[in-house]
Amino acid sequence: MDTLSHLAHGFAVAFTPTNLLWCLVGTTLGTAIGVLPGLGPALTIALLLPITYQVAPEASFILFAGIYYGAMYGGSTTSILLNTPGESATIVTALEGNRMARSGRGGAALATSAIGSFVAGTLGTLGVAFLAPTVVKYALKFGPAEYFSLMVLAFITVSAVLGSSSVRGLTSLFLGFVVGMIGVDLQTGQPRFTFGTAELLDGVDVIIVAVGLFAVGETLYMASRRYAGKDEIVPLKGSLYMTAAEWARSWKPWLRGAAIGFPIGAMPAGGAEIPTFLSYAIEKKLSRHKEEFGTVGAIEGVAGPEAANNASAAGVLVPMLTLGLPTSATAAIMLSAFQSYGINPGPLLLTTQANLVWGLIASLFIANVILVVLNLPLIGLWVRLLKIPAPQLYAGILVFATVGTYGISQSPIDLAILYLLGAAGFLMRRFDFPTAPVIIGMILGPLAETQFRRAMTIENGDWTVFFRHPLSLTLLTLAFIGLVGPHIWAWIEHRRRRGPEHVPGDA
Amino acid sequence: MLNRRKFLTTTAAVGAAGFAALHLAPALAQDAPQIQIFVPAAPGGGWDQTARTIDQVLRSEKLISGSQITNVGGAGGTVGLPQFVNQWKGKGNSLMVAGMVMVGAIIANKAANNLTEVTPIARLTGEFEALVVPAESPFKTAADFVAALKADPTKVPVAGGSAGGSDHILFGLIAKTAGVPAANLSYVPFAGGGEALSALLGNQVAAGISGYGEFSEQIKAGALRLLAISADKRQDGIDAPTLKEAGFDVELFNWRGVFAPPGVSDDDKAAMIKLIETMAKSDAWATECKNRNWTPILLTGDDYAKFVTEDTARIGAILKDLGLA
């Protein structure tokens, strides 16, 4: 029960009025920057680093943690309402969330994402407090071979979002691979698809692609049909928050999302995007309302991924606090803030800086409560956005997307890419190609490639490594079952139903 | 009860938080100059931290009234460099932070501009590199590691930062002095220090090369064993030989320094060198360097220019061996 007494002590640190105020500032700021595409938590914390010269370490880490969690909440708001993801971890939320908003259930989508974030964030933080040392031991077992097998599994499961036509879905996926390959190849240092443009050497930001395809593409499509049909956005229908049926459909995805997000977030190369893809695919598979996916919007498809991204945000803190390993851009910058205080983050952090670490963990619990309290009443305000007439609303989205993209690196090249992709998104929408696989291909493709090549370099080209490592073999087996399982199942079902007709002389 | 001063600083900081992004310091003293710092990298990285520490120390020493920091990130600094060369030309109160990484990026990316076009002011800090192995590794010394490398370089995968970066360059230099062809090396690049570290802790690679600061805490905790460092001499509190002592004639600092734009007057250049020299000799700067594991390696003006030229030639040669230039 050592952990409990540490935690109690942590709450004592976090509950001082000044630290509570910092937490409030952090969460509010975090929500605001989460809403803006482009301005992410990593950049915000980097810009606030000079604050470490002025205030106590506890206060600044509580501020940073508030920003980090707040951004995860805020990013979903624009995904749902405007189809403009604020963070890469909330791209999946836009798929169903925006459909729900269009069919008049925007309030419910926002509520399930806020409450789901709270549930998963709290579970994740509990995980950090109680399971961190165990989880990190398993997370370190993941090497390049295991990551590659995880990617294979992810590819199989996300075929769920390819849409009704696999040819169109795969076309989109491969387009995503190409976009993902732009930039300097990490393994060899050679530029690919950059056409001599220095700005392209670092690749294309996934947020720009998501905003271009989703928001700009959508806007162009709407503009082109302005006189062809009716206004598509239905203002609020039914209750502002969730109905009893929506609660019943949300709680399981929240728990499953948290269970997927936390361990993957804790893996050194896990990230926040992959758990959202996996959660979405699983919810789609398990849902009793499959027909709502991609049409009017299924609440499970919002609840699961939103829970997954918040739990993974907590997971990222596991290697950071237990081993001093920064596994995301935000964690890396928080670690450099430790250094401004002369604290060297490492495996001894928990023992040498117990006050700081437990204060930080306690403030994460508080941040979660503040965020859900802050976000639920805001829903009433947010959904009013949808009452804005379409021309003004879409013009607003366009301005918002443009300003946000320019904010990423103040580069006009980024804007050109945004509009180019917007045009591509328009054409894809017009000719019925799904856009989500582009994003998935763009994130998973290069990851899978990098891990595969790393595994090959380490093993000197021996590809049996994927079958020799037990963890990797397990993942590949799961992927194989995922691929052929449904077909075998369908075949058995088919036999069972038709079976009697084939028995000669029966009845 | 909340004491008043604490409350005031908190509220002030809360207000400042929103503005911090735009304006780092209001001009207080009118006699001290304002300076502009150009960072050819995104906020948060090594160059950005160097810029923000320079700003902090210069202000606390009352040498400037304030500074404005501009970040133009991308491609190891080669996106920002042309902007500094063309748009900042002749601005005598401006500095750009750059370092060895940019030298490598200019060569590898075949960039149009290079560091001979800007005005060298001072080399400020360096981070020496460390060669480490997981605690369970059979390699006890740098000689063990090199012997295995000589026997079969493909069996010794080494983790480090991006291809062509300082870690890769050091690996290339070690192999070269040991007579192992650079093309046969098995180098596993990782995007961030955290990922490379976890590959080492998970025992997935034979060895790792990165800045000493990336590994220092794991070494203290006994999770990694330090075989050698790339510094010029033994370091206080670090129980490992330099590569030279271990018998490999290699020395490498991942250095960082500052440059003025092209076309500044000699007076401006001299004033800027003096400003940076005063800063580098202050106690506040020494404390910051210590906290951040930076080794102060001050070198100014023409000596610095000569050093940059020599380092460019050395890095160009090794990148060619590694097949990157």
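Going line by line, the protein sequences match chains A and Z. In terms of my numbering, the first sequence has 464 at position 464, counting the first letter as 1, and numbering is strictly consecutive. Each number in my numbering comes from the position in the second sequence (counting from 1) with 1000 added on. Yeah, the Cβ is synthetic: ideal placement off N, Cα and C, and Gly gets one too.
Among the options, nearest to residue i - alpha-carbon criterion
{"i": "Z/D1055", "options": "Z/D1302, Z/G1301, Z/A1284", "result": "Z/A1284"}
{"i": "Z/G1160", "options": "Z/R1256, Z/A1143, Z/P1189", "result": "Z/P1189"}
{"i": "A/V316", "options": "A/E283, A/T18, A/E273", "result": "A/E273"}
{"i": "A/G257", "options": "A/D205, A/L325, A/A311", "result": "A/A311"}
{"i": "A/G183", "options": "A/F426, A/E199, A/V357, A/F130", "result": "A/E199"}
{"i": "A/I379", "options": "A/Y138, A/T112, A/G196, A/E449", "result": "A/T112"}
{"i": "Z/G1092", "options": "Z/K1290, Z/A1148, Z/A1270", "result": "Z/A1270"}
{"i": "A/I115", "options": "A/V135, A/L255, A/L49", "result": "A/L255"}
{"i": "Z/K1140", "options": "Z/V1308, Z/A1228, Z/A1151, Z/A1105", "result": "Z/A1228"}
{"i": "A/G10", "options": "A/L43, A/A129, A/M334, A/I439", "result": "A/A129"}
{"i": "A/R468", "options": "A/P144, A/Q353, A/S165, A/V35", "result": "A/P144"}
{"i": "Z/G1046", "options": "Z/N1293, Z/L1319, Z/L1299", "result": "Z/N1293"}
{"i": "Z/A1280", "options": "Z/G1323, Z/R1225, Z/T1053, Z/Q1049", "result": "Z/T1053"}
{"i": "A/P253", "options": "A/K290, A/V206, A/G301, A/A244", "result": "A/G301"}
{"i": "A/G270", "options": "A/W463, A/A154, A/A479", "result": "A/A154"}
{"i": "A/N355", "options": "A/G304, A/Q187, A/P57, A/I45", "result": "A/P57"}
{"i": "Z/I1326", "options": "Z/L1252, Z/P1033, Z/I1219", "result": "Only positions 1001 to 1325 of chain Z appear in this structure, which leaves residue 1326 of chain Z out of reach."}
{"i": "A/G425", "options": "A/P37, A/A94, A/S172", "result": "A/S172"}
{"i": "A/V263", "options": "A/I62, A/A108, A/R102, A/L126", "result": "The question names Val, but residue 263 of chain A in the sequence shown is Pro. Closest option to A/P263, Cα to Cα, is A/L126."}
Closer than 9 Å at the beta carbon, the chain A residues around residue i
{"i": "Z/T1078", "result": "A198, L201"}
{"i": "Z/Q1083", "result": "Near Z/Q1083 there are no residues of chain A at all, since even the closest Cβ is about 10 Å away, more than 9 Å."}
{"i": "Z/E1217", "result": "L323, G324, N344, P345, G346, P347, L348, L349"}
{"i": "Z/L1324", "result": "T188, G189, Q190"}
Interface partners of residue i on chain A, CB under 7 Å
{"i": "Z/R1292", "result": "Q339"}
Residue span of the alpha helix (DSSP H) that contains residue i, given as start and end
{"i": "A/P263", "result": "244-266"}
{"i": "A/I361", "result": "354-384"}
{"i": "A/S166", "result": "166-181"}
{"i": "A/P446", "result": "436-458"}
{"i": "A/G66", "result": "57-82"}
{"i": "Z/R965", "result": "Beyond the ends of chain Z as shown, which are 1001 and 1325, falls residue 965 of chain Z; an answer cannot be given."}
{"i": "Z/D1249", "result": "Neither: Z/D1249 is in no alpha helix (DSSP H) and is coded neither H nor E."}
{"i": "A/I91", "result": "91-102"}
{"i": "A/V318", "result": "300-323"}
{"i": "Z/R1234", "result": "Neither: Z/R1234 is in no alpha helix (DSSP H) and is coded neither H nor E."}
{"i": "A/T16", "result": "Unbroken run through A/T16: none, as it is neither H nor E."}
{"i": "Z/V1079", "result": "Run containing Z/V1079: none; DSSP gives neither H nor E here."}
{"i": "A/R225", "result": "Taken as a continuous stretch (DSSP letters only), A/R225 belongs to no alpha helix (DSSP H), as it is neither H nor E."}
{"i": "Z/Q1056", "result": "1046-1060"}
{"i": "A/Y419", "result": "412-430"}
{"i": "Z/I1276", "result": "1266-1280"}
Beta-carbon neighbours of residue i, restricted to chain Z and to distances below 7 Å
{"i": "A/Y53", "result": "Q1056"}
{"i": "A/T188", "result": "A1163"}
Proximal chain Z residues relative to residue i, where beta-carbon distance stays under 8 Å
{"i": "A/K141", "result": "G1202"}
{"i": "A/S172", "result": "The contacting residues do not exist; A/S172 stays about 26 Å from chain Z at best."}
{"i": "A/A46", "result": "A1042, P1043, G1044, D1048"}
{"i": "A/P391", "result": "None at all; the shortest Cβ gap to chain Z is about 32 Å."}
{"i": "A/L49", "result": "P1043, G1044, Q1049, R1052"}
In DSSP terms, what residue i is bridged to
{"i": "Z/E1127", "result": "Z/N1254"}
{"i": "Z/M1096", "result": "Z/F1038, Z/F1259"}
{"i": "Z/P1189", "result": "Z/G1160"}
{"i": "Z/P1120", "result": "Z/F1259"}
{"i": "A/R192", "result": "A/G183"}
{"i": "Z/S1210", "result": "Z/A1130"}
{"i": "Z/I1329", "result": "No statement about residue 1329 of chain Z is possible, as the shown extent of chain Z runs from 1001 to 1325 and does not include it."}
{"i": "A/P50", "result": "DSSP lists no partner for A/P50."}
{"i": "Z/T1295", "result": "Z/G1126"}
{"i": "A/L29", "result": "None; A/L29 has no bridge partner."}
Neighbouring residues, chain Z, relative to residue i (Cβ below 9 Å)
{"i": "A/T327", "result": "G1192, G1194, E1195, S1198"}
{"i": "A/P434", "result": "By Cβ distance, chain Z contributes nothing, its closest Cβ being about 29 Å from A/P434, past 9 Å."}
{"i": "A/S409", "result": "A1042, N1071, V1072, G1073, G1074, V1079"}
{"i": "A/L20", "result": "None at all; the shortest Cβ gap to chain Z is about 11 Å."}
Terminal residues of the beta strand (DSSP E) in which residue i lies
{"i": "Z/Q1068", "result": "1066-1071"}
Residue i: contacting residues in chain A (beta-carbon distance under 8 Å)
{"i": "Z/S1186", "result": "T457, I458, N460"}
Practice task
Could you list the residues in the stretch 1101-1134 of chain Z with a C-beta less than 8 Å from some C-beta on chain A, going in chain order?
Solution key: So the list reads A1108, N1109, A1111, given in the order they occur along the chain.
Handout entry: Under 8 Å (Cβ pairs) to chain Z, residues found in the stretch 450-466 of chain A
Key = Taking 8 Å as the Cβ-Cβ cut-off against chain Z, the residues of the stretch 450-466 of chain A that qualify are R454, T457, I458, N460.
Practice task
Taking a Cβ distance cut-off of 7 Å, strictly less, list which residues of the stretch 1159-1183 of chain Z are near chain A, in chain order.
Solution key: S1162, A1163, G1164
Handout entry: Near-chain A residues of the stretch 1268-1291 of chain Z - C-beta to any C-beta below 9 Å
Key = Against chain A - using a Cβ distance shorter than 9 Å - the residues of the stretch 1268-1291 of chain Z are T1287, E1288, K1290, N1291.
Practice task
Scan the stretch 251-263 of chain A for residues whose Cβ lies nearer than 8 Å to a Cβ of chain Z and list them as they occur along the chain.
Solution key: none
Handout entry: Where the stretch 301-320 of chain A meets chain Z: residues whose CB sits under 9 Å from a CB there
Key = P319, M320
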